[in-house]
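Participant: Quick one: this structure, given as structure tokens, is what I'll be asking you about.
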Amino acid sequence: MSRAALRSMYFLVSAVVILLDRLTKLFIRSHIEPNFGSVIVIPKFFSITHVENTGAAFSLFADWPQNVRVPLLVGFSTLAMLVVSYLLWKSATKFTFTGLALALILGGAVGNLYDRILFGRVTDFLHFYIGPHSWPDFNVADSAIVCGAALLLLDLILCGKGARVD
């Protein structure tokens, strides 16, 4: 596969993540009121909610003043997006799990950055729990970032190369 085709494929993966993230958040925003309750999908395990997260992952920095929190999170997300884009662009010499991981991370970062710039917060709606034990709500972009990070770690462990730029 040519370098240009590989880059296109990786950026297509990112675009699909962004599209899925945008569509699911749009659906949630238009059909479920924020903090109104949840739609149980699998009893005692999974429900759909609508939470507006003003912080970062797991609501970190949510209690910081908005005039500090939003620029900090937008700036950090933008920097991360630029670094990941650069690594993805430079490393696209052959298909690797590292490239796929970076594409997932990029798509997730752009999806959440879009929300943060437009609304000052991110819409979360996936809620997993077992009895009283609950995982923080998250979204498609968060899932892509976590899957990308796990894939990056797995590639690093199995191949020992990580996100090396050729």
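Here the working numbering = 1-based position in the sequence shown + 44. C-beta: ideal position from N, C-alpha, C; glycine also.
#1: For R73, I'd like the list of residues in its chain whose CB is within less than 8 Å of its CB, leaving aside the five on either flank, ordered along the chain.
#2: Between A207 and M125, what straight-line distance do the alpha-carbon atoms span, to the nearest angstrom?
#3: Run through DSSP, which three-state label would P104 get?
#4: For D210, which residues in the same chain have their Cβ closer than 8 Å to its Cβ, ignoring the five residues on either side in sequence?
#5: For S91, name the three-state secondary structure that DSSP assigns.
#6: Apart from the five residues just before and just after E96, which ones in its own chain have a Cβ nearer than 7 Å to its Cβ?
#7: Is the separation between the beta-carbon of A185 and that of V61 shorter than 8 Å?
#8: Quick check: what's the CA-CA separation for L195 versus T142?
#9: Which value, in whole angstroms, describes the spacing of the CA atoms of C203 and A145?
#10: Quick check: what's the CA-CA separation for G152 versus L104?
#11: Under the three-state reduction of DSSP, which class applies to D168: helix, strand or coil?
#12: Taking only the alpha-carbon atoms, compute the straight-line gap between L123 and I174 and give it to the nearest angstrom.
#13: I need the straight-line Cα distance from W179 to A106, nearest angstrom please.
#14: Should L65 and T140 be called a contact, given that it needs their Cβ atoms to be closer than 8 Å?
#15: So, helix, strand or coil for V209, using DSSP?
#16: Within 10 angstroms of the Cβ of A48, are there 16 or more other Cβ atoms? Answer buried if so, exposed if not.
#17: Taking C-alpha atoms, which residue in F90, I76, L170 and I189 lies nearest to S121?
Facilitator: The answer reads as follows:
#1: The residue labelled residue 73 in the question sits at position 29 within the sequence shown. Hits under 8 Å: H94 and T167.
#2: Counting from one through the sequence shown, the residue named residue 207 turns up at place 163. Counting from one through the sequence shown, the residue named residue 125 turns up at place 81. Bear in mind that the predicted position of A207 carries a pLDDT of just 45, short of 50, making it unreliable; the figure below should be weighed with that in mind. If I take the Cα positions, the gap works out to 15 Å.
#3: On the sequence shown, residue 104 is found 60 positions in, with the first residue counted as 1. Looking at the sequence itself, residue 104 is Leu, so the reference to Pro does not match. Three-state DSSP puts L104 in coil, outside helix and strand.
#4: Taking the first residue of the sequence shown as 1, we reach residue 210 at position 166. Annotation note: pLDDT 42 at D210 (below 50); position unreliable, coordinate value reported separately. Cβ within range, chain order: K134, S135 and T137.
#5: The count along the sequence shown starts at 1 and reaches residue 91 at position 47. Strand.
#6: The residue labelled residue 96 in the question sits at position 52 within the sequence shown. Cβ neighbours of E96 beyond the five flanking positions: P78, R165 and T167.
#7: Here residue 185 refers to the residue found at position 141 of the sequence shown. Here residue 61 refers to the residue found at position 17 of the sequence shown. Contact: yes.
#8: Numbered from its first residue, the sequence shown carries residue 195 at position 151. Numbered from its first residue, the sequence shown carries residue 142 at position 98. Looking at the two C-alpha atoms, the distance is approximately 7 Å.
#9: Numbered from 1 along the sequence shown, position 159 holds the residue referred to as residue 203. Numbered from 1 along the sequence shown, position 101 holds the residue referred to as residue 145. Roughly 14 Å separates the two Cα atoms.
#10: Residue numbering aside, residue 152 sits at position 108 when the sequence shown is read from its first letter. Residue numbering aside, residue 104 sits at position 60 when the sequence shown is read from its first letter. Straight-line Cα distance between these residues: approximately 17 Å.
#11: Within the sequence shown, numbered from 1, the residue matching residue 168 stands at position 124. Of the three classes helix, strand and coil, the one that applies to D168 here is strand, per DSSP.
#12: Numbered from 1 along the sequence shown, position 79 holds the residue referred to as residue 123. Numbered from 1 along the sequence shown, position 130 holds the residue referred to as residue 174. Approximately 36 Å, taken between the alpha carbons.
#13: Taking the first residue of the sequence shown as 1, we reach residue 179 at position 135. Taking the first residue of the sequence shown as 1, we reach residue 106 at position 62. Going by the C-alpha atoms only, they are around 17 Å apart.
#14: Locating residue 65 in the sequence shown gives position 21, counting from the first residue. Locating residue 140 in the sequence shown gives position 96, counting from the first residue. According to the sequence as given, residue 65 is Asp; it is not Leu. No. Outside cutoff.
#15: Here the question's residue 209 lines up with position 165 in the sequence shown. In this prediction, V209 scores a pLDDT of 44, lower than 50, which makes its location untrustworthy; the coordinate-derived value is nonetheless stated afterwards. DSSP places V209 in coil when its eight states are reduced to three.
#16: To locate residue 48, count along the sequence shown from 1; it is residue 4. Exposed: under 16 other Cβ atoms inside 10 Å.
#17: In the sequence shown, counting from the first residue as 1, residue 121 sits at position 77. S121 has its Cα closest to that of I189, out of F90, I76, L170 and I189.
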